[in-house]
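**Q** In full-length UniProt numbering, the protein residues as written are 1 to 395.
Each residue gets a CB set at the ideal place from its N, CA and C atoms; glycine is no exception.
Remember, predicted model here, so these are calculated numbers, not experimental data.
Structure provided below as structure tokens; questions to follow.
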Ligand code: PLP
């Protein structure tokens with residue numbers, strides 16, 4: 001049977017048919033005016049989704065990891081110090097990437113399940129009287145634990161410390177699904193990927209770069225070639241790319257933004273918040289809890305569900321894939337086995353999420369976890385029924 005279930009991993013996400021069709025296009029000359037007609041609306045749309053004022057959008061044929069690398073190599077020099085909190089697999093990987101590039105990372109170790117610690121960031125910046133810290137790195141939505149960090153709070157902490165460091169934000173699993181305000185939060189580089197909130201296949205790193213980061217680019221000495229913003233911006237000025245762009249994905253990006261704006265960004269964010277709340281109600285009905293330590297930290301795009309003692313979250317993920325053909329996310333790093341993750345971002349409706357929750361319950365019953373079939377589904381359905389937005393997706 002070749003029917004396809006929706007996926008419930010926190011990216012790549014389900015691809016709407018309209019986006020799939022937009023990506024599937026005949027070859028066109030990327031040095032022709034036809035490419036500019038695709039590219040310009042995509043760039044303008046990214047500016048709106050990120051909430052940018054000034055600066056530049058850079059769209060690289062890469063993934064989120066390439067976006068991290070592009071952010072640091074274009075703005076920093078060997079031996080520069082950056083400040084970062086480590087509280088999950090993705091914040092860890094960005095730190096590791098910086099270290100491998102010869103940066104000195106001042107790490108604030110933070111328990112997994114917590115977010116970026118605003119007070120500790122402020123204290124570290126206040127202590128840096130010599131101004132050695134060139135950038136603060138923040139993971140907006142830690143996909144491993146389902147934790148959202150307070151980026152506005154980090155900006156306030158930076159201002160309170162009177163520190164001039166740049167603020168780089170990983171929004172790979174939040175942008176396009178949760179509110180993001182690059183200008184309002186004073187973000188200098190925002191990193192997104194095509195395969196999450198934008199509902200595209202993987203293959204694009206999408207960055208917003210502030211004027212301050214562009215000024216830092218001029219003096220930055222870390223090596224870069226493929227990811228060099230300067231080449232990119234020179235080529236953009238002529239309407240093109242320094243190399244062959246991922247034309248189909250860029251066409252899909254323009255379509256994605258059209259779809260997000262047709263629904264309305266606020267409505268998109270509200271839909272994600274509702275879907276997430278329904279999932280959390282199901283989790284509570286199962287007698288379990290999210291890995292995120294408190295309600296203010298709950299992610300609207302992914303819930304890492306802490307499994308009962310003696311149970312292994314990876315068993316559920318394996319069984320769901322093998323028996324029911326449904327994908328959930330495994331626990332990563334420190335929380336491997338201790339959680340399983342339900343991705344609830346991108347092209348999803350109440351009804352689709354209920355199917356995912358029912359599948360998780362069937363697996364729990366199969367595994368003898370003592371969860372009553374229908375308990376979580378009923379709690380989520382009760383919530384969705386009471387807060388439904390009529391046909392939001394079909395509008
Ligand atoms: N940052 C976050 C928060 C992520 O969730 C991911 C991937 O899941 C990445 C970065 C890495 O992105 P990619 O896998 O597209 O390289």
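Just how far apart, CA to CA, sit residue 378 and residue 385?
**A** The alpha-carbon atoms of residue 378 and residue 385 are separated by roughly 10 Å.
**Q** If we count the other Cβ atoms within 10 Å of its Cβ and call it buried at 16 or more, is residue 10 buried or exposed?
**A** Result: buried.
**Q** Beta carbon of residue 303: closer than 7 Å to some heavy atom of the ligand PLP?
**A** Because no heavy atom of the ligand PLP lies under 7 Å away, the Cβ of residue 303 does not count as near it: no.
**Q** Please state whether DSSP places residue 335 in a helix, a strand or coil.
**A** Here residue 335 sits in helix by DSSP.
**Q** Reducing DSSP to helix, strand and coil, say where residue 129 ends up.
**A** Reduced to three states, the DSSP call for residue 129 is coil.
**Q** Would you give the residue range spanned by the beta strand (DSSP E) that residue 192 belongs to?
**A** It spans 189-193 - the beta strand (DSSP E) in which residue 192 sits, taken as one unbroken run.
**Q** Where does residue 178 land, buried or exposed, given buried means 16+ other C-beta within 10 angstroms?
**A** Buried, because 16 or more other Cβ atoms sit within 10 Å of the Cβ of residue 178.
**Q** Identify whether residue 172 lies in helix, strand or coil by the three-state DSSP scheme.
**A** Coil at residue 172, not helix or strand.
**Q** I want to know whether the segment 211-222 touches the segment 256-263 - three or more CB-CB distances under 8 Å.
**A** No, the segment 211-222 does not touch the segment 256-263.
**Q** Please list the terminal residues of the continuous beta strand (DSSP E) segment that includes residue 56.
**A** Note, residue 56: beta strand (DSSP E), 56-61.
**Q** Can you list, in chain order, the residues of its chain with a C-beta nearer than 7 Å to that of residue 134? Leave out the 5 residues immediately preceding and following it.
**A** For residue 134, where only same-chain residues beyond five positions count, the Cβ hits under 7 Å are 76, 80, 81, 82, 165, 166.
**Q** Just checking my contact of residue 126 with residue 13 at CB under 8 Å: how many whole Å lie between their CB atoms?
**A** About 40 Å; that fails the 8 Å criterion.
**Q** DSSP three-state call for residue 241: helix, strand or coil?
**A** Coil, per DSSP.
**Q** Is residue 443 close to the ligand PLP? I mean its beta-carbon at under 7 Å from any heavy atom of the ligand.
**A** Residue 443 lies beyond the stretch modelled for the chain, which goes from 1 to 395, so this question has no answer here.
**Q** Pull up the distance between the alpha-carbon of residue 398 and that of residue 273, whole angstroms please.
**A** Summary: the structure shown does not reach residue 398, with the chain confined to residues 1 through 395, and so no result is reported for it.
**Q** Can at least three beta-carbon pairs, one atom from the segment 135-150 and one from the segment 294-306, be found at a separation below 8 Å?
**A** Judged by Cβ distances under 8 Å, the segment 135-150 makes contact with the segment 294-306, as three or more pairs qualify.
**Q** Under the assumption that residue 271 contacts residue 298 (Cβ atoms under 8 Å), give the Cβ distance between them as a whole number of angstroms.
**A** Actually they are not in contact, since the Cβ atoms of residue 271 and residue 298 sit about 16 Å apart, beyond 8 Å.
**Q** Are the segment 230-249 and the segment 85-102 touching, with three or more C-beta to C-beta distances below 8 Å?
**A** These segments do not touch.
**Q** How would you write the range of the alpha helix (DSSP H) that residue 326 sits in, first residue to last?
**A** From DSSP, residue 326 is part of no alpha helix (DSSP H); its letter is neither H nor E.
**Q** What does the alpha-carbon distance come out to for the pair residue 207 and residue 192?
**A** Distance between the alpha carbons of residue 207 and residue 192: 6 Å.
**Q** My understanding is that residue 205 touches residue 60, with C-beta atoms under 8 Å, so please give their C-beta distance in whole angstroms.
**A** Between residue 60 and residue 205 the Cβ distance is about 4 Å, and since that is below 8 Å, they are a contact.
**Q** When the Cα atoms are used, what is the spatial distance from residue 119 to residue 44?
**A** Their backbone Cα atoms lie some 35 Å apart in a straight line.
**Q** Nearer than 7 Å: is that true of the beta carbon of residue 90 relative to any heavy atom of the ligand PLP?
**A** The answer is yes for residue 90.
**Q** The beta strand (DSSP E) spanning residue 109 covers which residue range?
**A** From DSSP, the beta strand (DSSP E) with residue 109 extends over 104-109.
**Q** Considering residue 444, what are the terminal residues of the beta strand (DSSP E) in which it resides?
**A** Coverage of the chain is limited to positions 1 through 395, which leaves residue 444 absent and any answer about it impossible.
**Q** Look up residue 394 in the DSSP assignment and say whether it is helix, strand or coil.
**A** With a pLDDT of only 49 at residue 394, under 50, the local geometry of the prediction cannot be trusted, and the value read off the model is given with reservation. Of the three classes helix, strand and coil, the one that applies to residue 394 here is coil, per DSSP.
**Q** Quick one: residues in its chain with C-beta nearer than 6 Å to the C-beta of residue 395, no 5 flanking neighbours on either side, listed in chain order?
**A** Low local confidence applies: a pLDDT of 48 at residue 395 is under 50, so the model's placement there is unreliable, with the coordinate-based value given in what follows. Cβ within range, chain order: n/a, list empty.
**Q** Which residues does DSSP pair with residue 141 in a beta bridge?
**A** Beta-bridge pairing links residue 141 to 148.
**Q** Which of the three DSSP states, helix, strand or coil, is assigned to residue 86?
**A** In this structure, residue 86 counts as strand in the three-state DSSP scheme.
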